[in-house]
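Asks:
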Amino acid sequence: MRTGKLIVLTGPSGVGKGTLLRSLLQRHPELYLSTSVTTRAPRPGEVNGQHYFFVSRAEFEQMVVEGELLEWAEFAGNCYGTPRRPVEQQINQGRCVLLEIELEGARQIRQTFPEALGIFILPPSMLELEFRIRSRAQDSEDAILRRLARAQSEVDAAHEFDIQVVNDDLDKALGRIEDALFAPTVSR
Numbered sequence: 002m003r004t005g006k007l008i009v010l011t012g013p014s015g016v017g018k019g020t021l022l023r024s025l026l027q028r029h030p031e032l033y034l035s036t037s038v039t040t041r042a043p044r045p046g047e048v049n050g051q052h053y054f055f056v057s058r059a060e061f062e063q064m065v066v067e068g069e070l071l072e073w074a075e076f077a078g079n080c081y082g083t084p085r086r087p088v089e090q091q092i093n094q095g096r097c098v099l100l101e102i103e104l105e106g107a108r109q110i111r112q113t114f115p116e117a118l119g120i121f122i123l124p125p126s127m128l129e130l131e132f133r134i135r136s137r138a139q140d141s142e143d144a145i146l147r148r149l150a151r152a153q154s155e156v157d158a159a160h161e162f163d164i165q166v167v168n169d170d171l172d173k174a175l176g177r178i179e180d181a182l183f184a185p186t187v188s189r
C-alpha cells in the first residue's frame, strides 16, 4: 500500500494559491483537499462541508480543547482550523492530502506533523502582488495596506518551507508543484 503524504500550501494573500490549487486538483483528482472549519458566516454560494465546515465559536473552542484540529488560527475576528480526523484517515489510506493555510497554521503543522511537505508560493515581486490585490477591488485602502504589510512578513518566512515556487507563470508554477509531488523522490 502506498504511503500518504500531507502537503501544506501557503503564501501571502493575492499570490494565486487558490488558482494553483484548483488547477492542481483538476489535473490530479486523486489528491484530497482538506476542508477547513471556520467560525465565520458562509458567503453567498458557499456550502457547508464543501467550502468550509461552518461552526459556532463555542463549537470551535471545544474542537481546540479536544485536540480535534491539526492547526488553527484567528484571522480578522474569525477562527479557522484543519480537522485532524479526515486528514489522518486519508493519509492512512495512502492519499496525498493538500492543506491551503496561512503561515501561522503552516508553522503549527511543522511542529505537529514534521514530515509534511511545505510549499510556499511567492509573488514575482511585491509590486506585482500589490497590483493583484488592488485588481480584486474587494478591500479598502487600509485593508490593502494591512495585507501588503502582512504579505512582506510572510514572504520573509518563505525559507522555512521545503520548496518555494514563484507564481509568475501559472503553468510553470503548477509544473514545479507537480514535480515536487509526483517526481521520483531523492532523499532530502
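According to this note's numbering, the sequence shown is numbered sequentially starting from 2. The C-beta atom is built at its ideal place from N, Cα and C for all residues, glycine as well.
1) Use the C-beta contact count for LYS173: other C-beta atoms within 10 angstroms, 16 or more gives buried, fewer gives exposed.
2) In its own chain, which residues sit with a C-beta less than 7 Å from the C-beta of GLU131, not counting the 5 before and 5 after it?
3) Quick check on DSSP: helix, strand or coil for ASP134?
4) Which word fits ALA117, buried or exposed, when buried means at least 16 other C-beta atoms lie within 10 angstroms of its C-beta?
5) By Cβ distance, which residues of its chain are closer than 6 Å to ARG189, with the 5 residues on each side in sequence left out?
6) Using C-beta distances below 6 Å, list every residue in its chain close to THR40, excluding the 5 sequence neighbours before and after it, in chain order.
7) In chain order, what residues of the same chain have a beta carbon less than 7 Å from the beta carbon of LEU104, not counting five sequence neighbours either side?
8) Helix, strand or coil: which one does DSSP assign to ILE178?
9) Evaluate the contact criterion for the stretch 133 to 141 versus the stretch 90 to 98: three or more CB pairs, one atom per stretch, below 8 Å.
10) Where does PRO45 sit, in a helix, a strand or coil, going by DSSP?
11) With a threshold of 8 Å on Cβ separation, who are the neighbours of ARG85 within its own chain once the five nearest residues in sequence on each side are excluded?
12) Can you grab the Cα-Cα spacing for the pair SER24 / GLY176, in whole Å?
13) Check this for me: beta carbons of PHE162 and GLY106, under 7 Å apart or not?
14) Given ILE178, which residues of its chain have a CB within under 7 Å of its CB, disregarding the five upstream and five downstream residues?
15) Using the C-alpha atoms, what's the distance from PHE55 back to LEU99?
16) Tell me the rounded alpha-carbon separation between LEU182 and VAL66.
Replies: Reading from the atomic positions:
1) Counting Cβ neighbours within 10 Å, LYS173 comes out exposed, since fewer than 16 surround it.
2) The residues are LEU149.
3) Asp is not the amino acid found at residue 134; the sequence shown has Ile there. Three-state DSSP puts ILE134 in a helix.
4) Result: buried.
5) Note that ARG189 scores 44 on pLDDT, short of 50, meaning its location in the model is unreliable; the coordinates nonetheless yield the value given after this. Apart from sequence neighbours up to five positions away, no residue of its chain approaches ARG189 with a beta-carbon distance below 6 Å.
6) The answer, listed in chain order, is ARG58, PHE61, ASN79 and CYS80.
7) Around LEU104, the same chain offers THR11, GLU155 and ALA158 as residues with beta carbons nearer than 7 Å, after the five sequence neighbours per side are excluded.
8) In this structure, ILE178 counts as helix in the three-state DSSP scheme.
9) The stretch 133 to 141, when compared against the stretch 90 to 98, does not touch it at the 8 Å Cβ threshold.
10) DSSP places PRO45 in coil when its eight states are reduced to three.
11) Contacts found: GLY68, GLU69, LEU70 and LEU71.
12) Approximately 11 Å, taken between the alpha carbons.
13) Here PHE162 is not near GLY106, since their CB atoms are 7 Å or more apart.
14) The residues are LEU21, LEU25, ILE120 and VAL166.
15) When rounded, the distance between both Cα atoms is 20 Å.
16) Distance between the alpha carbons of LEU182 and VAL66: 33 Å.
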